[in-house]
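Read top to bottom, the protein sequences are chains A and B.
Here the first sequence stands for residues 632 to 1042, where the numbers follow the numbering used here.
Here the second sequence stands for residues 5 to 287, where the numbers follow the numbering used here.
Working notes, structure below.
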Amino acid sequence: MGAAAISVSGLGKRYWLSQRTRADTLRDAFTAKLRALGARLAGRENHGSEEEFWALRDLSFEIARGDVVGIIGRNGAGKSTLLKILSRITEPTAGEIRIRGRVASLLEVGTGFHPELTGRDNIYLNGAILGMSRAEIRRKFDEIVAFAEVERFLDMRVKHYSSGMYVRLAFAVAAHLEPEILIVDEVLAVGDAAFQKKCLGKMQDVARSEGRTVLFVSHNLPSIRQLCRSALLLSAGRLEAAGGCGPVLEQYQRGLTAGAPVTVPKPGPEIAERAYVTAVKLETLDGRQPAVIPVGVPWKIRISIRVRQPQRRFVAAVGIKSADGIAVQTSWLPPQDLAPGDYEAVFTQDRVNLEGGSYSLLVGLTENDRHLQQFEAARFDLTGENAGDQFPATSGVGIVLNSMQSSLERL
Amino acid sequence: MPPAADSLPAAEPGIMLIAAGRGESNYWRDIWRYRELMGFLAWRDVAVRYKQSVLGAGWAIFQPAVTLAVFTFIFGKLAQMPSGDVPYPLLVMAGLLPWQLFANTLSGTGSSLVSNTHLISKVYFPRLLVPLSSVAVALVDFGIVAVLTAAMFAWYGVLPGPEIVFLPLFVLLALLAAFGAGLWLSALTVRYRDFRFIVPFLLQVGLFLTPVGFSTGNVPNWREIFALNPMVGVIDGFRWCLLGGTHTVHVPGLINGIVVSLLLLATGIWYFRRTERSFADII
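Right, here's the structure in full:
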């Protein structure tokens, strides 16, 4: 296909898992060097401390000019890594990419915004960071301001903006980029619903009328369906499917019923003699284990526990943390004494009432207020799609949705 | 192993090729293309610096003024060091002016990458722009201190001779030395955060290994070794340009300084470019 805007062949990206922790300080670097030297003297090759991890592996595909492509896949499938390589933020380890046309990428809303500068200043700064020339920004300035609806606050420092204004301004700058190829990461996950619609509309206009190639990563399947003509499905760093948007999305949703990957660590020797978790299950009330759970459905978390020694005041707890690390909620069993044996703790809720997004599930056991085990058991996604009448809004309205009892009485 | 860069087919015109080890192909052209961004980053740093502080430009003056007073007192009054035929404060000021430029450029470029982490992990541009743009802040501060210096010269009624036309060359030499060392430090700081603490320490030691508070004429026997510090040549040059008279440039020493500066710059660029491609992965 001669008109391909992007052609990718054999693309791979390797990370060393210990890379980050190993060399953060000089002292660590020195001790690592010493250890490597010791290992070599002892006749061992030192690869033990470094574990390789391929975030992307052997990826090949083509994107036609003017196509609007959604990139989907679970957390950790390699979507963000792919976008980072396409935007030249990081280099691939293997393979190559040919890109025809000017690329602009939008991996975050408001990259480089400075809180001490005014809205006006930040439009110029952010525009330049996204690759616009000064003349181009000046030409579109009024349009950007009007789109963001911040005329009155232009000369106010951005640190005094409300978060809504901030996001609107940031997106407005980005929406007025005119590259031939636009790469967008999940940036629409912020802002209020009305503004999200406006952004989607703008992106749609851009793609349709101006024939621009757009790559769009999102967990929000309805917006992918609405915007994209075709889609790529990534799974564990490899391309699982590519083609028309409908079929690929279907395949993705079918795959999701396979369940979120759950990890249960092996208990240490001491804990193994006392009490430990043997399995964790995250499922909807009908017993299915989807990786993406729709907001509003009844769900439960089942924890299998093996007790080897009698436990006093034993507690099992589950916690949920949002993708940005906020501890959202914790639930626990009342403390009780347990005799040895196998148990199952079940936590149920008649509707998932957290906003759509990625979460992690933490599991903990304590005896007599002392920790036995605590670990992250699974990452899972909640989706606001098909949330039903009970949840007209599933994002941008807080993490915990509609958790209070409410009533309306005629007086 | 990725294939060597030159064994890959060259990209056709209008096509950008992304492949392992191919980050360089358009690097210098990209720096030119992104020159406006460099201007914006520099402008941001200057604007933020003066918006956030109450005293604004006052800070740029405060620090050298205090150092000037302390050095004049210690070296001029207590140690009774000679200053030739000029007032001691002017001797110190002519050394302090380039030293401030050097120190500010070095610490600014050194920490520039780490303080722009959010940009480096989210957008592409030639990373060299970040340390380059932080030179601007140091230059603005230099301008302010230069005005202070001019006022002092006027106050003492000392007028520089025609040698002053060579001053920009010594400014450039100070910038080259500081920028070269700053490149090393900025790239090293990305990997080893320890360098954040090493830089202030280096500058503190450097201040005493550099003839800021006294004239180089006081260390005649050590001149050659002393001049390995590129700032010795720069400060001698500044004193020659501004004070003239007994202050001369020691030519072999100056050449030493130039060679060291160029070496720092060349190796700095080399190390920066070599490590640059992994910045986004480890920062």
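C-beta atoms are modelled at their ideal positions from N, C-alpha and C, and glycine is treated no differently.
Model, not experiment: these values are computed from the prediction.
Member of the options whose CA lies at the smallest distance from the CA of residue i
i, options, result
"Thr-909(A)", "Val-926(A), Ile-855(A), Ser-962(A), Asp-973(A)", "Asp-973(A)"
"Val-151(B)", "Trp-244(B), Pro-68(B), Ala-46(B)", "Pro-68(B)"
"Gly-987(A)", "Asn-706(A), Ala-779(A), Val-923(A), Leu-831(A)", "Val-923(A)"
"Pro-215(B)", "Phe-157(B), Leu-95(B), Trp-188(B), Asp-49(B)", "Leu-95(B)"
"Lys-710(A)", "Leu-985(A), Val-815(A), Leu-913(A), Ala-805(A)", "Val-815(A)"
"Thr-915(A)", "Val-983(A), Trp-685(A), Val-776(A)", "Val-983(A)"
"Ser-282(B)", "Glu-780(A), Thr-724(A), Val-938(A)", "Thr-724(A)"
"Ala-1001(A)", "Ala-947(A), Ala-735(A), Pro-1023(A), Gly-1027(A)", "One detail in the question is off: residue 1001(A) reads as Arg in this sequence, not Ala. Closest option to Arg-1001(A), Cα to Cα, is Ala-947(A)."
"Trp-159(B)", "Pro-93(B), Ala-107(B), Trp-188(B), Gly-186(B)", "Pro-93(B)"
"Leu-213(B)", "Thr-193(B), Gly-237(B), Val-52(B)", "Gly-237(B)"
"Pro-878(A)", "Arg-658(A), Gly-741(A), Leu-852(A), Leu-687(A)", "Leu-852(A)"
"Glu-693(A)", "Val-804(A), Ile-730(A), Ser-718(A)", "Ile-730(A)"
"Thr-121(B)", "Gly-249(B), Ile-273(B), Thr-193(B)", "Thr-193(B)"
"Ser-989(A)", "Glu-1007(A), Asp-1020(A), Phe-1006(A), Lys-952(A)", "Lys-952(A)"
"Phe-174(B)", "Ala-140(B), Gln-208(B), Gly-18(B), Trp-103(B)", "Trp-103(B)"
"Ile-637(A)", "Leu-748(A), Ile-728(A), Val-781(A), Cys-876(A)", "Ile-728(A)"
"Leu-180(B)", "Ser-265(B), Asp-145(B), Leu-247(B), His-254(B)", "Ser-265(B)"
"Arg-696(A)", "Trp-685(A), Pro-810(A), Gly-643(A), Met-796(A)", "Pro-810(A)"
C-beta neighbour in chain A for residue i, strict 8 Å
i, result
"Ala-155(B)", "no"
"Asp-10(B)", "With a pLDDT of 35 at Asp-10(B), under the threshold of 50, the modelled position of this residue cannot be trusted, and the question is left open."
"Phe-77(B)", "no"
"Gly-114(B)", "no"
"Leu-117(B)", "no"
"Ala-24(B)", "yes"
"His-122(B)", "yes"
"Met-97(B)", "no"
"Ser-265(B)", "no"
"Gly-18(B)", "yes"
"Phe-44(B)", "yes"
"Glu-167(B)", "no"
"Lys-55(B)", "yes"
"Ser-151(B)", "Contrary to the premise, residue 151(B) reads as Val rather than Ser in this sequence. So no, Val-151(B) is outside the interface."
Residue i and residue j closer than 8 Å at C-beta
i, j, result
"Pro-921(A)", "Glu-1016(A)", "no"
"Arg-750(A)", "Phe-784(A)", "In the sequence as presented, Arg is not what sits at residue 750(A); that position holds Gly. Yes; because the gap between Cβ atoms is below 8 Å, this pair is in contact."
"Ala-23(B)", "Leu-105(B)", "no"
"Ala-970(A)", "Phe-945(A)", "no"
"Ile-817(A)", "Ser-849(A)", "The sequence shown places Glu at residue 817(A), rather than the Ile named in the question. Taking 8 Å as the Cβ cut-off, Glu-817(A) and Ser-849(A) qualify as a contacting pair."
"Leu-985(A)", "Ile-1030(A)", "yes"
"Leu-800(A)", "Ala-735(A)", "no"
"Ile-148(B)", "Ala-64(B)", "yes"
"Leu-41(B)", "Phe-129(B)", "yes"
"Ser-190(B)", "Gly-88(B)", "no"
"Leu-756(A)", "Gly-741(A)", "no"
"Ala-831(A)", "Leu-858(A)", "Position check: residue 831(A) holds Leu in this sequence, whereas Ala was assumed. Yes; because the gap between Cβ atoms is below 8 Å, this pair is in contact."
"Val-141(B)", "Gly-112(B)", "yes"
"Ala-98(B)", "Phe-242(B)", "yes"
"Leu-207(B)", "Leu-110(B)", "yes"
"Glu-582(A)", "Arg-788(A)", "Missing from the structure shown is residue 582(A); chain A here goes from 632 to 1042 and no further."
"Ile-720(A)", "Ser-125(B)", "yes"
"Val-804(A)", "Ile-775(A)", "yes"
CB contact below 8 Å: residue i versus chain B
i, result
"Asp-698(A)", "no"
"Thr-652(A)", "Confidence in Thr-652(A) is poor, its pLDDT being 44 and thus under 50, which makes the residue's placement unreliable; the coordinate value appears in the next sentence. No, Thr-652(A) does not count as interfacial toward chain B."
"Glu-683(A)", "no"
"Thr-721(A)", "yes"
"Glu-881(A)", "no"
"Ala-725(A)", "yes"
"Arg-729(A)", "yes"
"Ala-695(A)", "no"
"Ser-953(A)", "no"
"Gly-679(A)", "Caution is warranted here: a pLDDT of 46 is assigned to Gly-679(A), below 50, making its placement in the model unreliable, and the coordinate value is therefore given only provisionally. So no, Gly-679(A) is outside the interface."
"Arg-765(A)", "yes"
Contact list for residue i against chain E, beta-carbon separation under 8 Å
i, result
"Lys-715(A)", "No chain E appears in this structure, whose protein chains are A and B."
Original post:
At a cut of 8 Å, does the stretch 73–81 of chain B reach the stretch 158–176 of chain B through at least three beta carbon pairs?
Top reply: no
**OP:** Decide if the stretch 232–242 of chain B is in contact with the stretch 250–264 of chain B; the criterion is three or more beta carbon pairs, one per stretch, under 8 Å apart.
**Re:** yes
Original post:
Are the stretch 956–969 of chain A and the stretch 1003–1012 of chain A in contact at 8 Å, needing three or more beta carbon pairs?
Top reply: no
**OP:** Enumerate, from N- to C-terminal direction, the unbroken beta strand (DSSP E) stretches of 3 or more residues contained entirely within the stretch 778–853 of chain A.
**Re:** 812–815, 844–848
Original post:
At what residue ranges does the stretch 729–764 of chain A contain a whole run of the beta strand (DSSP E), taking only runs of 3 or more?
Top reply: 734–737
Original post:
How do the stretch 704–719 of chain A and the stretch 835–853 of chain A stand: do at least 3 beta-carbon pairs fall below 8 Å, yes or no?
Top reply: yes
**OP:** Taking only runs that begin and end inside the stretch 693–725 of chain A, name each unbroken alpha helix (DSSP H) of 4 or more residues, in chain order.
**Re:** 710–717
Subject >> the stretch 127–138 of chain B contacting the stretch 31–39 of chain B, beta-carbon criterion three pairs below 8 Å >> reply: yes
Subject >> Runs of alpha helix (DSSP H) lying entirely within the stretch 208–253 of chain B, each at least 4 residues, in chain order >> reply: 227–230, 234–247
**OP:** Jot down the residue ranges of each uninterrupted alpha helix (DSSP H) in the stretch 67–139 of chain B, minimum 4 residues, whole runs only, in chain order.
**Re:** 92–119, 121–124
Original post:
Taking the runs of the beta strand (DSSP E) that are 3 residues or longer, which of them lie wholly in the stretch 941–1021 of chain A?
Top reply: 942–953, 958–963, 967–969, 972–980, 988–998, 1001–1014
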